[in-house]
Amino acid sequence: MKKILITGAAGFLGSHLCDRFINEDYYVVGMDNFITGDKKNIEHLLGATNFEFVAHDVTNFIELRGSLDYILHFASPASPIDYLKIPIQTLKVGALGTHNLLGLAKAKNARMLIASTSEVYGDPLVHPQTEDYYGNVNTIGPRGVYDEAKRFQESITMAYHRFHGIETRIVRIFNTYGPRMRLNDGRVIPAFMGQALRGEDLTVFGDGSQTRSFCYVDDQVEGIYRLLLSDYVLPVNIGNPHEITIKDFAEEIIKLTGTTQKIIYKDLPVNDPLQRQPDISLAKKILNWEPKVNREEGMKLTFDYFKSLSDEELFKSEHKNFESHIKR
Ligand code: NAD
Ligand code: UDP
246 MKKILITGAA
256 GFLGSHLCDR
266 FINEDYYVVG
276 MDNFITGDKK
286 NIEHLLGATN
296 FEFVAHDVTN
306 FIELRGSLDY
316 ILHFASPASP
326 IDYLKIPIQT
336 LKVGALGTHN
346 LLGLAKAKNA
356 RMLIASTSEV
366 YGDPLVHPQT
376 EDYYGNVNTI
386 GPRGVYDEAK
396 RFQESITMAY
406 HRFHGIETRI
416 VRIFNTYGPR
426 MRLNDGRVIP
436 AFMGQALRGE
446 DLTVFGDGSQ
456 TRSFCYVDDQ
466 VEGIYRLLLS
476 DYVLPVNIGN
486 PHEITIKDFA
496 EEIIKLTGTT
506 QKIIYKDLPV
516 NDPLQRQPDI
526 SLAKKILNWE
536 PKVNREEGMK
546 LTFDYFKSLS
556 DEELFKSEHK
566 NFESHIKR
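Going by our numbering, the letters in the sequence shown line up with residues 246 to 573, in that order.
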């Protein structure tokens, strides 16, 4: 049985990846310090004979007994609100955490895949974004802590590959959504769905003309799975190219949820990218991968999940005041 370490296991993507690799009959070691994750995302796995959980902060030295075949490094705050609240931890997990994990990969001769992001392209001047675009990032802006940590993460990963011969893979993930996202993480889908469920107006930032392209989690997991098992070393975009403005998206969510609330407008956060769409030609060619779940279907599955949460979860006070980060 192949053994895989998944960091960020109690988070949204990490927990879905644990499910996938358990179903593929891997022995999965999940690791997390719960800074933005939740135990309930992995509770269903705790009895499985091929799953083990280790509570650990990956910015500290990582010790793991026995052999290891693969590492998926997914630990990192991922929502703009989270990384504005915990900027130093965000920089550390991308830099020190990645360094520790590459050291572990070297010691165990394991293949390591890192979770990079469309944010390495910053506010992109090339559209749609291709992997050979170097990006347009403000190093000292509020999002710089995340963007630069991820850019460093890519650099150190390539250095370990070139200098130490470690087998590495880099996925550049574009906005991915689905069940197990945290209702209060501030990302646009939980934000709008939470507002609809609480009977609040939907807060569109700026004039809503900025665009995003949303990928359903099952498609993302499939792309990551194929990339890990491929022999391609350079970064690969995985996302859904179906692009929409945030204003049109808010209207779609109003229709889907049946809320009678309206859209209200708030300031656009500093350095909020104005456009984002992955060019997925490379993933199509080398992984024979493309997304299968359309937005209507994916949003419905996600809304069903948020609807199933308790009132206590829905009305936690942390759900409000998302705008506090905008002007910093
Ligand atoms: P998430 O916040 O749900 O999950 C991140 C997990 O990492 C959490 O469980 C958190 O507790 C854990 N973590 C953070 N710092 C840690 C540390 N020092 N030690 C151990 N665990 C730590 O976010 P997500 O959406 O699941 O994102 C997972 C990964 O994918 C992140 O690396 C993120 O940058 C990347 N990513 C996600 C998206 C997306 O749209 N979801 C887009 C681009 C990149
Ligand atoms: N956004 C919004 N209202 C919200 C939350 C987010 O209009 O309540 C916008 C945000 O400004 C951005 C887009 O939605 O333009 C996507 O934001 P998200 O935080 O999901 O992720 P990003 O793609 O910016 O990392």
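Glycine residues also receive a C-beta, built at the ideal position from the N, C-alpha and C atoms.
These numbers come from a predicted model, not from an experiment.
Which residues bound the alpha helix (DSSP H) around residue i?
i              : result
valine 390     : 389-409
threonine 502  : 491-502
tyrosine 559   : Per the sequence shown, the amino acid found at residue 559 is leucine instead of tyrosine. Start and end: 556-559.
valine 433     : 433-443
isoleucine 415 : Note, isoleucine 415: premise wrong, no alpha helix (DSSP H); beta strand (DSSP E) at 413-418.
alanine 528    : 526-532
By Cβ distance, which residues of its chain are closer than 6 Å to residue i, with the 5 residues on each side in sequence left out?
i                 : result
glycine 259       : Ile251, Gly253 and Phe319
asparagine 420    : Arg457 and Phe459
phenylalanine 298 : Gly275
tyrosine 510      : Val449
proline 518       : Asp368
serine 324        : Asp430, Gly431 and Arg432
alanine 447       : Note on identity: in this sequence residue 447 is leucine, with alanine being the wrong assignment. So the list reads Phe437, Gln440, Ala495 and Ile508, once near-sequence residues are dropped.
leucine 513       : Phe450 and Gly451
arginine 356      : Tyr315 and Glu412
histidine 261     : Val462 and Val466
glutamate 393     : Thr384
aspartate 549     : none
methionine 544    : Leu501
By the DSSP assignment, the beta strand (DSSP E) with residue i in it spans what residues?
i                 : result
phenylalanine 298 : 296-300
alanine 254       : Counting along the chain, alanine 254 falls outside any beta strand (DSSP E), and DSSP gives it neither H nor E.
alanine 360       : 356-362
tyrosine 328      : Looking at the DSSP string, tyrosine 328 is not in any beta strand (DSSP E); the run it does join, the alpha helix (DSSP H), is 325-330.
phenylalanine 548 : Not the beta strand (DSSP E): phenylalanine 548 falls in the alpha helix (DSSP H), residues 540-552.
asparagine 482    : 481-483
methionine 276    : 272-277
leucine 317       : 315-318
isoleucine 469    : Unbroken run through isoleucine 469 is the alpha helix (DSSP H), 462-474; no beta strand (DSSP E).
lysine 511        : 508-511
leucine 222       : What the structure shows of the chain is the stretch from 246 to 573, and residue 222 is not part of that stretch, so it cannot be assessed.
serine 454        : Looking at the DSSP string, serine 454 is not in any beta strand (DSSP E), and its letter there is neither H nor E.
Which whole-angstrom value is the C-beta distance of residue i and residue j, which I expect to be below 8 Å?
i                 : j              : result
arginine 521      : proline 322    : With 8 Å as the limit, arginine 521 and proline 322 do not qualify as a contact, their Cβ atoms being about 19 Å apart.
phenylalanine 279 : glycine 439    : Not quite, the Cβ-Cβ distance comes to about 21 Å (not below 8 Å), so this is no contact.
isoleucine 415    : isoleucine 359 : 6 Å
aspartate 283     : alanine 255    : 6 Å
glycine 380       : tyrosine 366   : 4 Å
threonine 362     : isoleucine 401 : Actually they are not in contact, since the Cβ atoms of threonine 362 and isoleucine 401 sit about 15 Å apart, beyond 8 Å.
aspartate 302     : lysine 247     : Contact doesn't hold; Cβ gap of about 26 Å is too wide.
glycine 423       : threonine 547  : 5 Å
asparagine 383    : asparagine 516 : 5 Å
glycine 453       : lysine 492     : 3 Å
asparagine 286    : arginine 425   : 5 Å
leucine 606       : arginine 443   : Only positions 246 to 573 of the chain appear in this structure, which leaves residue 606 out of reach.
Below 7 Å CB to CB, which residues in the same chain sit around residue i once its five sequence neighbours on both sides are set aside?
i             : result
arginine 471  : Leu532 and Trp534
histidine 406 : Thr413 and Val478
leucine 527   : Glu376, Val481 and Asn482
tyrosine 328  : Pro322, Thr335, Val390 and Tyr391
glutamate 557 : none
Looking only at its chain, what residues have a beta carbon closer than 8 Å to the beta carbon of residue i, apart from the 5 residues adjacent to it on each side?
i              : result
isoleucine 489 : Thr456, Arg457, Ser458, Phe459, Glu497 and Arg540
isoleucine 249 : Phe266, Tyr271, Tyr272, Val273, Val274, Leu313, Asp314, Tyr315, Ile316 and Leu317
arginine 573   : Confidence at arginine 573 is low in this model, with a pLDDT of 39, below 50, so its placement is unreliable and the value that follows should be read with caution. Hits under 8 Å: Leu329, Pro387 and Val515.
Are any of the Cβ atoms in chain B nearer than 8 Å to that of residue i?
i             : result
threonine 502 : This model lacks chain B altogether, as it is built from one protein chain only.
Any heavy atom of ligand 4 closer than 7 Å to the beta-carbon of residue i?
i             : result
threonine 505 : Among the ligands present in this structure, namely ligand 1 and ligand 2, ligand 4 is not found.
Worksheet item: Are three or more beta carbon pairs between the stretch 418-434 and the stretch 385-395 nearer than 8 Å?
Response: no
Worksheet item: Counting pairs of Cβ atoms below 8 Å between the stretch 454-470 and the stretch 283-298, do you hit three or more?
Response: no
Discussion item. With a threshold of 8 Å, are at least 3 pairs of Cβ atoms found where one atom belongs to the stretch 485-503 and the other to the stretch 339-357?
Written reply: no
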